[in-house]
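Taking it in order: structure first as structure tokens, then the write-up.
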Amino acid sequence: MLTFLIRHRIRPALFSHEWFRWWAKRLWNAPSLIALLFRCYQLRIKGASIGDVVVLGSIEVNGPAKRLRIGSRSAIGRIHVALHESITIGNDVIISDGCILLTGSHDVMDPDFSHIKKPIVIGDHAWIGTGAIILPGVTIGCGAVVGAGSVVTKSVPSYSVVAGNPAKIIREGRIKDLRYTPALWSAPIEAWTGKKL
């Protein structure tokens, strides 16, 4: 990430008003940037695969971090992930605060209450709203939107919008030419790039 920030930094004229303004912003956001880098480092050291320029909130990880894969430029808030199986998150994904991703459950019809484990896959440019719960075996398609507080029990087609408990399709045919890069909206990153790329 540091290489990206240095390469894409705004470069106002030395000692100009803009130069002082941007360096003040960078210094103000330095503690947040350090915390962000440290969270990525902690997960990588535990075996998670994390792409370039990823913004992570404090992720509560239950299970081996090596089962977690996060693509580039994604922004993930304060969430809980249960890694009984793998969770794969694509590029440019937004996962809002309070979300829970569960890859394990139990078979309530089994007298032994056997454990069920299935992976979760979240496609590029998907947006998971605040407090949503994604259950085992669910695939969230590219560009799909999950409404806040939804409980997703079945896979969500690409470019559709779902909401509710259980989540149901409320809109199909979302625009497919998605160009946003949510990680770049973060203040510590924007302080270096100078704009939301």
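Going by our numbering, the residue at position 156 of the sequence shown is 945; the numbering climbs one at a time, nothing skipped.
C-beta: ideal position from N, C-alpha, C; glycine also.
- Boundaries for Ser875: no beta strand (DSSP E) harbours it, and the DSSP string shows neither H nor E there.
- Taking C-beta separations shorter than 7 Å and ignoring five residues to either side along the sequence, the partners of Lys907 in its chain run Glu874, Thr892, Pro925, Gly926, following chain order.
- The way I'd put it, the stretch 879-890 does touch the stretch 913-922; three or more beta-carbon pairs between them come closer than 8 Å.
- Between the stretch 846-862 and the stretch 940-950 there are fewer than three inter-stretch CB-CB distances shorter than 8 Å, so the stretches are not counted as touching.
- Rounded to the nearest angstrom, the Cβ distance from Trp974 to Leu794 is 14 Å, too far for a contact under 8 Å.
- In this structure the stretch 830-850 touches the stretch 959-974; the number of beta carbon pairs closer than 8 Å is three or more.
- Note on Tyr948: 16 or more other CB atoms within 10 angstroms of its CB, so buried under the neighbour-count rule.
- Per the C-alpha coordinates, the member of Trp811, Leu816, Gly938, Asp901 positioned closest to Gly887 is Gly938.
- Between Thr970 and the set Arg810, Gly918, Val870, Arg862, the nearest pair of CA atoms involves Arg862.
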